[in-house]
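Trainee:
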Amino acid sequence: MPVSHEPLGDERLLFGRATLKDLLALIKPRVMALAVFTALVGLLVAPGALPPVQVVVAICAIAIGAGGAGALNMWYDADIDAAMARTSQRPVPRGRIAPAAALALGLFLSVCGTLLLAAAANGLAAMLLAFTIFFYAVVYTIWLKRRTPQNIVIGGAAGALPPVIGWAAATGSVGADAVVLFMIIFLWTPPHFWALALLREHDYARAGIPMMPNVAGSASTRRQIFAYAVATALVGVLPWPLGFAGPAFGLGAAVLGAGFVRQAWLTLQPRQASGATRPERRLFAYSILYLFALFALLLADTLVIRALFAG
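Residue numbers (the working numbering): 7 to 317.
#1: Does the stretch 193–203 come into contact with the stretch 219–235, if we say contact requires no fewer than three beta-carbon pairs (one atom in each stretch) closer than 8 Å?
#2: For A237, which residues from the same chain have a beta carbon less than 7 Å from its beta carbon, with the 5 sequence-adjacent residues on both sides left out?
#3: Is the CB-CB distance between A251 and A174 below 9 Å?
#4: Near T138, which residues of its chain fall below 6 Å by C-beta distance, leaving aside the five closest residues on each side in sequence?
#5: DSSP three-state call for A52: helix, strand or coil?
#6: For G187 and P169, I'd like the C-alpha separation in whole angstroms.
#7: Examine the Cβ distances between the stretch 74–84 and the stretch 100–115 and report whether three or more of them are shorter than 8 Å.
#8: For a minimum of 4 consecutive residues, which ranges assigned as the alpha helix (DSSP H) are wholly contained in the stretch 85–126?
#9: Which of helix, strand or coil does DSSP assign to A182?
#10: Since I believe A201 is in contact with F290 (beta carbons under 8 Å), could you give me their beta-carbon distance rounded to a whole number of angstroms?
#11: Give the single residue among R288, R100, V51 whose Cα lies nearest to the Cα of A306.
#12: In this structure, does DSSP put P13 in helix, strand or coil?
#13: According to DSSP, is P197 part of a helix, a strand, or is it coil?
#14: Count the other C-beta atoms from every protein chain shown that fall within 10 angstroms of the C-beta of L123, then say buried if there are 16 or more, exposed otherwise.
#15: Classify Q269: buried if its beta carbon has 16 or more other beta carbons within 10 angstroms, exposed otherwise.
#16: Rounded to whole angstroms, what's the CA-CA distance from A279 to E286? Just pull it up for me.
#17: Look up N128 in the DSSP assignment and say whether it is helix, strand or coil.
#18: Return the CA-CA distance between A235 and G73, expressed in angstroms with no decimal places.
#19: Give the C-beta separation of T308 and P216 to the nearest angstrom, bearing in mind that I take them to be a contact with Cβ-Cβ under 8 Å.
#20: Under 7 Å Cβ to Cβ from N220, same chain only, skipping five residues before and after it: list those, please.
#21: Where does M217 sit, in a helix, a strand or coil, going by DSSP?
#22: Enumerate in chain order the residues of its own chain whose CB-to-CB distance from I311 is below 6 Å, with the five nearest sequence positions on each side excluded.
#23: For I103, which residues from the same chain have a beta carbon less than 7 Å from its beta carbon, with the 5 sequence-adjacent residues on both sides left out?
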């Protein structure tokens with residue numbers, strides 16, 4: 007689909023019509039919150055520890071970088087956002103923030119976040135943050151999203167990197183444990199977003215985005231959702247047998263994973279519900295709960311184990 011970035015509002019306004027709510031929307035706060043939370047968990051469960059002030063500054067740096075990536079995504083996707091009911095009220099397609107302003111803010115935040123993380127933690131963490139921003143803004147948003155139904159699968163690497171960044175910030179390295187955290191989010195991403203794609207199938211088709219339901223069909227998408235949910239549930243338990251979480255985490259992860267698989271299984275059944283009771287809607291909501299709960303459980307388990315050994 008040809009990409010057009012003609013101004014959707016008055017370019018001279020820049021941020022002139024923007025409210026605080028618009029500026030917050032520009033940095034995609036929900037996506038940023040998930041990235042920041044998983045990065046915090048990666049930082050705190052990693053061996054060794056940064057001083058509290060450095061932890062706060064490092065997390066703020068990651069949040070700034072994530073906000074920059076969100077703004078770059080909003081800048082480039084303004085044309086398709088305008089065509090989709092779910093995103094048509096965003097500030098750039100509505101003309102409350104000029105595309106040039108979104109681009110400038112995205113670049114500014116991306117550079118600031120990367121430099122701040124280098125100062126607060128180390129060069130490896132900063133390079134990983136810069137790579138994540140590049141991957142999300144360029145590889146996913148500009149290249150993959152409009153060209154392949156595997157956009158979410160490959161592009162999901164960007165959303166899976168924050169805990170690795172946090173781990174690198176604490177240790178200056180990337181170990182096998184950090185890779186497991188990456189794999190949990192990487193495998194979780196397709197069922198999470200494809201559940202949304204099933205709910206917004208016509209929206210994506212109207213915008214010309216080749217999401218899996220529009221290309222492979224609903225039935226194939228549901229089967230892939232189930233396969234990825236099973237893989238996510240299995241990998242989600244791995245921190246226990248690998249030794250960086252205890253049996254309490256293992257039990258909790260197994261219960262959460264079973265719930266995730268069950269919700270994915272329900273999407274395979276003949277459709278008997280609509281609206282809020284559609285299985286895809288329940289799966290989408292549960293997937294968010296699953297990831298936050300799993301990482302919160304890992305953090306709580308790690309802090310309890312450290313407290314016991316310290317005592």
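In this text, a Cβ means the ideal position worked out from N, Cα and C, and glycines have one as well.
Mentor: With the given structure in hand:
#1: yes
#2: L193
#3: no
#4: A164, L167
#5: coil
#6: Sequence inspection shows Leu at residue 187; the Gly mentioned does not correspond to that position. C-alpha separation (whole angstroms): 7 Å.
#7: yes
#8: 105–126
#9: helix
#10: 4 Å
#11: V51
#12: Since pLDDT at P13 reaches only 43, below the 50 mark, its modelled position is unreliable, and no value is offered.
#13: helix
#14: buried
#15: buried
#16: Reliability of the predicted coordinates at A279 is poor, the pLDDT of 49 falling under 50, and the value obtained from them is presented with this limitation in mind. About 10 Å.
#17: coil
#18: 28 Å
#19: Not quite, the Cβ-Cβ distance comes to about 40 Å (not below 8 Å), so this is no contact.
#20: E207, Y210, A211
#21: coil
#22: G252
#23: F21, A24, D28, L32, P97
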